[in-house]
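Before any comments, here is the structure.
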Amino acid sequence: MSENPKLFASRIQAELDEELRALPLYVFDEVESTNDLAYQFIAQSSQPILAVLAETQTSGRGRRGRTWTSPKGTGLLLSVALSFTHSDAVHYEEWPLLAAYVAHKVISDLTGVRAQIKWPNDILFAERKTCGILTELSSTRDKRNLIVGFGINVNLKSTDLPPELRTKATSLLEVTGREYDRNQLTAAILTQMHLLRKQVLNGMRFSDLHETWVAQCHTIGKHIRVAQGRDIIEGTAHSIDPLGVLLVVDDQGKLHRIVSGEILESHPFTHLPKEGVLPL
Numbered sequence: 001m002s003e004n005p006k007l008f009a010s011r012i013q014a015e016l017d018e019e020l021r022a023l024p025l026y027v028f029d030e031v032e033s034t035n036d037l038a039y040q041f042i043a044q045s046s047q048p049i050l051a052v053l054a055e056t057q058t059s060g061r062g063r064r065g066r067t068w069t070s071p072k073g074t075g076l077l078l079s080v081a082l083s084f085t086h087s088d089a090v091h092y093e094e095w096p097l098l099a100a101y102v103a104h105k106v107i108s109d110l111t112g113v114r115a116q117i118k119w120p121n122d123i124l125f126a127e128r129k130t131c132g133i134l135t136e137l138s139s140t141r142d143k144r145n146l147i148v149g150f151g152i153n154v155n156l157k158s159t160d161l162p163p164e165l166r167t168k169a170t171s172l173l174e175v176t177g178r179e180y181d182r183n184q185l186t187a188a189i190l191t192q193m194h195l196l197r198k199q200v201l202n203g204m205r206f207s208d209l210h211e212t213w214v215a216q217c218h219t220i221g222k223h224i225r226v227a228q229g230r231d232i233i234e235g236t237a238h239s240i241d242p243l244g245v246l247l248v249v250d251d252q253g254k255l256h257r258i259v260s261g262e263i264l265e266s267h268p269f270t271h272l273p274k275e276g277v278l279p280l
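For the sequence shown, full-length UniProt numbering gives the first residue as 1, with consecutive numbering after it.
Pasting the structure below:
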């Protein structure tokens, strides 16, 4: 029997602890963008957290405006909206990395297979992407709203993908050979996101997760090309600092601090500078 039922709010709520069962859940068959709807709903809501899901979306987007491909019913298209007051001490620039920590933990725990994080927030299995995350921030007079969109290839078959993506993407099904209940996966992510929100409000920073995060990072030691704004920087990914900044040493030995960007390609590299000789 298939373990790939449709998404139902009641099934997701049944998997949640009592504290979270009142969380507003909006489940749609088709939308343009779950992130856009999450933004609309949280702007009008007094709740600190809510979630929007869809079986498919017609204008889903990833980082740098790219589209996100997910055939209907095969993936998890989930946007979690988190609301904060203007006085909350929240370092929003860290949330792409924090969300990657959540996705990595949930996916690895669910499958029993060790995934890897590609800086800043893609989840990979064997060099192939299975999860992308898009974070967006907006403000109103009374609060700041953070939207975290997760796109996870769950029960996707490689034949469902365009030929040009089959060597670049994979799914939980392809990795483990079994299908997964997306309702359970949703509940696990919501549980971890709710916990993370509470921890952040209690003062937790990325630096508290730094050692664990770096141990799962695919990027360190790779020769990479990374886009930072309009610039393309090429060099070796030396490390990630406790603030989540990617440190890249280019071929001329110059150090670049990449606060926000996207890795366009990466290759194994064996001449990683040793700790203590990082150029200043």
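Glycine included, every Cβ here is placed at the ideal spot set by N, Cα and C.
Residue i - containing beta strand (DSSP E), residue span
i           : result
residue 84  : 75-85
residue 138 : 128-139
residue 239 : 231-240
residue 153 : 143-153
Counted within 10 angstroms of its Cβ, other Cβ atoms place residue i as buried (16 or more) or exposed
i           : result
residue 22  : exposed
residue 259 : exposed
residue 164 : exposed
residue 274 : Below a pLDDT of 50, predicted positions are generally treated as unreliable, and residue 274, at 39, falls in that range; no measurement from the model is reported.
residue 6   : exposed
residue 104 : buried
residue 160 : buried
residue 277 : Only weak support is given to the placement of residue 277: the predicted model assigns it a pLDDT of 37, under 50, and the question is left unresolved by the model.
residue 212 : exposed
First and last residue of the uninterrupted alpha helix (DSSP H) at residue i
i           : result
residue 215 : 206-215
residue 197 : 182-201
residue 26  : Taken as a continuous stretch (DSSP letters only), residue 26 belongs to no alpha helix (DSSP H), being part of the beta strand (DSSP E) at 25-31.
residue 111 : 95-111
residue 249 : No alpha helix (DSSP H) contains residue 249, which is instead part of the beta strand (DSSP E) from 246-250.
residue 175 : 172-176
Cβ neighbours of residue i in the same chain (closer than 6 Å, five flanking residues each side left out)
i           : result
residue 58  : 32
residue 240 : 214, 246
residue 148 : 80, 99, 135
residue 229 : none
Rounded Cβ spacing between residue i and residue j (contact assumed at less than 8 Å)
i           : j           : result
residue 225 : residue 179 : That pair is no contact at about 36 Å.
residue 248 : residue 233 : 6 Å
residue 116 : residue 192 : About 18 Å separates the two Cβ atoms, so there is no contact after all.
residue 40  : residue 25  : Between residue 25 and residue 40 the Cβ distance is about 15 Å, and since that is not below 8 Å, they are no contact.
residue 76  : residue 197 : About 20 Å; that fails the 8 Å criterion.
residue 129 : residue 168 : 6 Å
residue 78  : residue 53  : 5 Å
Selection from the options that minimises the alpha carbon distance to residue i
i           : options            : result
residue 51  : 146, 114, 254      : 146
residue 203 : 105, 190, 94, 106  : 94
residue 135 : 24, 261, 6         : 261
residue 231 : 257, 103, 76       : 257
residue 29  : 170, 9, 207        : 9
residue 121 : 253, 132, 36, 115  : 132
residue 173 : 164, 153, 167      : 153
residue 127 : 229, 7, 171, 198   : 171
residue 207 : 165, 218, 242, 251 : 242
residue 92  : 205, 11, 221, 74   : 205
residue 74  : 238, 88, 56, 87    : 56
residue 142 : 36, 18, 46, 16     : 46
residue 150 : 118, 35, 17        : 35
residue 72  : 237, 162, 156, 263 : 156
residue 106 : 44, 186, 11        : 186
residue 244 : 220, 235, 252      : 220
Beta-carbon proximity list for residue i, same chain, < 8 Å, skipping 5 on both sides
i           : result
residue 109 : 188
residue 280 : No answer about residue 280 holds up, because its pLDDT of 32 lies below 50 and its placement is not dependable.
residue 113 : 125, 175, 176
Residues of its chain near residue i, where Cβ-Cβ distance is below 7 Å and the 5 sequence neighbours each way are ignored
i           : result
residue 42  : 50, 81, 83, 145
residue 90  : 84, 200
residue 194 : 20, 49
residue 210 : 242
8 Å Cβ cutoff, residue i in contact with chain B
i          : result
residue 56 : Going by chain labels, chain B is absent from the structure shown, which holds only one protein chain.
Check: residue i C-beta below 7 Å from any heavy atom of the ligand COA
i           : result
residue 105 : With respect to small molecules bound, the structure shown includes none, and the ligand COA cannot be examined in it.
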